[in-house]
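Below is one structure, written out as structure tokens; comments come after it.
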Amino acid sequence: MTNDGTTSSGTTSSGTTSDRLSIDDLPVRDELKGQSPYGAPQLDVPVRLNTNENPYPLPEPLVARIAERVAEAARHLNRYPDRDAVELREGLAAYLTRSTGHPVARENVWAANGSNEILQQLLQTFGGPGRRALGFSPTYQMHDLIARGTGTGWSQGPRNADFTIDLDAAVAAIGEQRPDVLFVCSPNNPTGTAVDRATVIALYEAAQAVKPTLVIVDEAYTEFSHRPSLLELTEGRPLLVVTRTMSKAFGAAGLRLGYLAADPAVVDAVQLVRLPYHLSSVTQATALAALEFTDTLLGYVDRLKAERDRLVTELRAMGLQVTDSDANFVQFGEFADTHAMWQSVLDQGVLVRDNGVPGWLRVTAGTPEENSAFLDAVRTSLKELPQS
Numbered sequence: 104m105t106n107d108g109t110t111s112s113g114t115t116s117s118g119t120t121s122d123r124l125s126i127d128d129l130p131v132r133d134e135l136k137g138q139s140p141y142g143a144p145q146l147d148v149p150v151r152l153n154t155n156e157n158p159y160p161l162p163e164p165l166v167a168r169i170a171e172r173v174a175e176a177a178r179h180l181n182r183y184p185d186r187d188a189v190e191l192r193e194g195l196a197a198y199l200t201r202s203t204g205h206p207v208a209r210e211n212v213w214a215a216n217g218s219n220e221i222l223q224q225l226l227q228t229f230g231g232p233g234r235r236a237l238g239f240s241p242t243y244q245m246h247d248l249i250a251r252g253t254g255t256g257w258s259q260g261p262r263n264a265d266f267t268i269d270l271d272a273a274v275a276a277i278g279e280q281r282p283d284v285l286f287v288c289s290p291n292n293p294t295g296t297a298v299d300r301a302t303v304i305a306l307y308e309a310a311q312a313v314k315p316t317l318v319i320v321d322e323a324y325t326e327f328s329h330r331p332s333l334l335e336l337t338e339g340r341p342l343l344v345v346t347r348t349m350s351k352a353f354g355a356a357g358l359r360l361g362y363l364a365a366d367p368a369v370v371d372a373v374q375l376v377r378l379p380y381h382l383s384s385v386t387q388a389t390a391l392a393a394l395e396f397t398d399t400l401l402g403y404v405d406r407l408k409a410e411r412d413r414l415v416t417e418l419r420a421m422g423l424q425v426t427d428s429d430a431n432f433v434q435f436g437e438f439a440d441t442h443a444m445w446q447s448v449l450d451q452g453v454l455v456r457d458n459g460v461p462g463w464l465r466v467t468a469g470t471p472e473e474n475s476a477f478l479d480a481v482r483t484s485l486k487e488l489p490q491s
């Protein structure tokens with residue numbers, strides 16, 4: 104019996120025949136036909152290192168503080184939440200100012216349900232039918248999927264062999280594609296590579312020379328980077344936006360809270376498409392509690408950076424290629440049969456990510472014990488699988 108009440112033979116539990124439709128049988132938009140939803144395997148294995156989550160549970164004092172703030176919010180759930188999330192945006196602005204040294208005000212910040220909703224709102228506002236977005240592949244797959252979901256055309260620019268952005272080729276692609284929205288992911292998912300300041304400036308200037316173009320710097324993993332945030336580049340560049348998340352460094356993937364920093368005019372613009380009262384009172388209360396424990400949570404980031412660097416060192420000692428990483432994950436390879444390596448590691452109880460980059464896999468930095476289990480699994484797999 105399947106979850107929808109039909110058997111594998113296509114009959115329902117009552118014995119009647121079921122002619123189940125597929126998505127392509129429905130009158131969905133043409134650009135959605137034949138596509139698959141985004142998502143990583145959710146398997147019950149001892150070690151899960153495939154979704155770039157922070158492996159450390161929230162500390163008990165923070166859990167207690169969340170309970171206090173949510174209890175207070177619960178007393179007013181008969182009312183809609185603060186539509187503009189004023190207190191939360193002030194807290195996020197203060198965090199950005201303190202962590203980057205660049206002054207940020209509430210008017211520069213907007214928050215939503217995960218950075219994916221932030222990206223969706225930006226594409227709803229600056230993309231859409233008849234407009235085009237450009238990114239540099241391989242990169243975060245949701246950039247393409249959200250573009251498609253908003254009716255925005257999608258183009259891919261190239262990267263160098265080491266997965267850095269080929270600036271000359273990128274500028275040429277901007278001139279050819281004339282994008283309305285340009286994505287720069289730093290650190291880049293799935294490769295972990297960061298983009299230097301000069302490259303972002305050159306891309307921004309090249310884009311504006313063609314037409315007014317919104318440039319989105321996706322900094323979901325920036326707290327793990329060796330490099331400073333690119334947030335300061337928004338100064339004097341009204342069409343440059345930096346997007347962030349509380350899922351990674353703050354260890355709050357279940358919270359679903361993302362945000363952007365940009366010129367106040369951009370913040371005003373995305374509110375043209377945001378749904379009314381899109382951030383619940385409970386979400387806002389939980390995020391505010393997490394911001395009270397910023398120093399504690401970023402202490403876990405230091406541990407994860409050390410573990411990430413350990414993964415890089417030990418994988419290279421095994422003779423594998425490893426992309427330099429500024430994130431909380433590591434891309435490693437190259438394998439003659441990527442799926443066979445993925446399956447072999449999984450058979451030993453460790454789940455990593457196959458992102459579809461030929462020859463490469465990605466592993467999230469976990470706890471020291473999880474990382475040791477992963478490294479042992481890779482060593483075993485390298486001995487058992489042919490590598491040519």
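Per our numbering, residue 104 is the first one in the sequence shown, and the count goes up by one each step. Heads up, the beta-carbon is just placed ideally off N, CA and C, and yes, glycines get one too. Remember, predicted model here, so these are calculated numbers, not experimental data.
Buried versus exposed, by CB contacts within 10 Å (16 or more), residue i
i	result
serine 139	exposed
serine 111	Per-residue confidence for serine 111 stands at a pLDDT of 37, beneath the threshold of 50, marking its modelled position as unreliable; the derived number appears in the next sentence. Flag for serine 111 reads exposed.
proline 471	exposed
glutamate 175	exposed
aspartate 429	buried
glutamate 492	Outside the modelled stretch of the chain, which goes from 104 to 491, sits residue 492, for which no answer is possible.
threonine 119	With a pLDDT of 47 at threonine 119, under the threshold of 50, the modelled position of that residue is not reliable, and no figure is offered here.
phenylalanine 477	buried
serine 125	exposed
threonine 416	exposed
serine 240	exposed
tyrosine 362	buried
aspartate 321	buried
glutamate 279	exposed
glycine 194	buried
glycine 217	buried
glutamate 473	buried
glutamate 410	buried
alanine 215	buried
valine 369	buried
glycine 256	buried
asparagine 431	buried
valine 166	exposed
Member of the options whose CA lies at the smallest distance from the CA of residue i
i	options	result
glycine 204	Asp247, Glu335 and Asp321	Glu335
glutamine 259	Pro282, Gln424, Gln224 and Thr253	Pro282
glycine 354	His381, Ser240 and Leu407	Leu407
aspartate 450	Ile126, Val150 and Glu417	Val150
aspartate 247	Leu135, Thr348 and Leu333	Leu135
leucine 222	Pro164, Glu410 and Leu360	Leu360
tyrosine 198	Ala390, Leu237, Leu418 and Thr441	Ala390
glutamate 326	Val318, Lys351 and Lys314	Lys351
histidine 442	Val131, Pro461 and Leu378	Pro461
lysine 314	Leu285, Pro367 and Asn291	Leu285
arginine 413	Val212, Ser475, Val369 and Pro489	Ser475
arginine 330	Arg340, Leu317 and Thr296	Thr296
glutamate 487	Trp463, Trp445, Asn458 and Leu464	Trp445
threonine 316	Leu306, Asn157 and Tyr403	Leu306
proline 184	His381, Glu437 and Arg340	His381
methionine 421	Glu437, Thr467 and Asn155	Glu437
Closer than 7 Å: residue i CB and nearest the ligand COA heavy atom
i	result
tryptophan 257	Inclusion of the ligand COA in the displayed structure is not the case, the ligand content being empty and no account of it being possible.
Residues bridged to residue i [DSSP beta-bridge criterion]
i	result
leucine 343	Val318
glutamine 434	Arg465
isoleucine 268	Arg262
tyrosine 362	Ala214 and Arg347
tryptophan 257	Ala236
phenylalanine 286	Ile319
arginine 151	Leu454
glutamine 424	Gly436
Any chain C beta carbon closer than 8 Å to residue i
i	result
leucine 135	Note that chain C does not occur in the displayed structure, where there is just one protein chain.
Pair every Cβ in the region 165-172 with every Cβ in the region 297-315, then say whether three or more of these pairs are closer than 8 Å.
no
Does the contact criterion of 3 or more C-beta pairs under 8 Å hold for the region 175-189 versus the region 481-488?
no
So, does the region 183-195 touch the region 381-400, judging by three or more C-beta pairs under 8 Å?
yes
Does the structure place the region 303-321 close enough to the region 272-292 that three or more beta carbon pairs sit under 8 Å?
yes
Any chance the region 209-222 sits against the region 344-358, with 3 or more Cβ pairs inside 8 Å?
yes
Under 8 Å: do the region 146-166 and the region 443-457 share three or more Cβ pairs, one atom per stretch?
yes
Any chance you could list the alpha helix (DSSP H) runs of at least 4 consecutive residues sitting entirely within the region 164-229, in chain order?
189-203 and 217-229
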